[in-house]
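Only one structure is covered here, and it is reproduced in the block below.
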Amino acid sequence: MEPLGILSLDRKKYTQAMAENLPALRARLGLSQTQLADCIGVTRQTISSIENQSRELSWTNFLSLLFLFLQNAQTAKLLPVMGIYTDELARIFSFTDLNQFRQ
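Read in order, the letters of the sequence shown are residues 70 to 172 in our numbering.
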């Protein structure tokens, strides 16, 4: 098995699901394209192109959006329903308690 299983992920499946649902998720938080872009460090044009399906969502931007939406109660519960956050991703991203490394 690859480190953390991340190499075996079907990244395209996840990035496509996020791109298809991005307008709804953004609207759920009441964010403009500019505000969302500022949150993840991209331009408004990047968000617009992703939402219009004229540009593919990169894995890096997917992860930024995923963490943003997971941290908000209004969107976190929608991610599994939309196929964006699955059991597979939850297993990979189950972070270890850092206290075990502090000695």
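Every residue, glycine too, gets a C-beta built ideally from N, C-alpha and C.
Because the structure is a prediction, the values reported are computed rather than measured.
Residue i, buried or exposed, once every other Cβ within 10 Å from all chains shown has been counted against 16
{"i": "Ala-88", "result": "buried"}
{"i": "Phe-136", "result": "exposed"}
{"i": "Ala-159", "result": "exposed"}
{"i": "Ile-161", "result": "exposed"}
{"i": "Glu-71", "result": "With a pLDDT of 46 at Glu-71, under the threshold of 50, the modelled position of that residue is not reliable, and the figure given next carries that caveat. Under this definition Glu-71 is an exposed residue."}
{"i": "Ala-106", "result": "buried"}
{"i": "Gln-102", "result": "buried"}
heavy atom of the ligand COA below 7 Å from residue i C-beta
{"i": "Ser-133", "result": "Here there are no bound small molecules, and the ligand COA is not part of this structure."}
Residue closest to residue i, alpha-carbon to alpha-carbon, out of the options
{"i": "Gly-99", "options": "Phe-162, Phe-138 and Thr-155", "result": "Phe-138"}
{"i": "Gln-140", "options": "Gly-152, Cys-108 and Ile-119", "result": "Cys-108"}
{"i": "Thr-84", "options": "Ser-163, Ile-161, Ile-153 and Glu-157", "result": "Ile-153"}
{"i": "Asn-90", "options": "Pro-149, Ser-77, Val-111 and Thr-129", "result": "Pro-149"}
{"i": "Ser-133", "options": "Val-111, Glu-157, Arg-97 and Lys-81", "result": "Val-111"}
{"i": "Ala-86", "options": "Ala-142, Ser-101, Ser-127 and Gln-102", "result": "Ser-127"}
{"i": "Ala-145", "options": "Arg-95, Asn-130 and Thr-129", "result": "Arg-95"}
{"i": "Glu-120", "options": "Ala-93, Gln-143, Leu-78 and Ser-163", "result": "Ala-93"}
Where residue i falls: helix, strand or coil (DSSP)
{"i": "Leu-78", "result": "coil"}
{"i": "Met-87", "result": "helix"}
{"i": "Ile-161", "result": "helix"}
{"i": "Leu-98", "result": "coil"}
{"i": "Glu-71", "result": "With a pLDDT of only 46 at Glu-71, under 50, the local geometry of the prediction cannot be trusted, and the value read off the model is given with reservation. Of the three classes helix, strand and coil, the one that applies to Glu-71 here is coil, per DSSP."}
Open item on the list: List, from N- to C-terminal side, the alpha helix (DSSP H) runs of 4 residues or more that fit wholly inside the region 103-148.
Closed with: As summarised for the region 103-148, the continuous alpha helix (DSSP H) elements at least 4 residues long and confined to that stretch are 113-120, 128-139 and 142-145, given in chain order.
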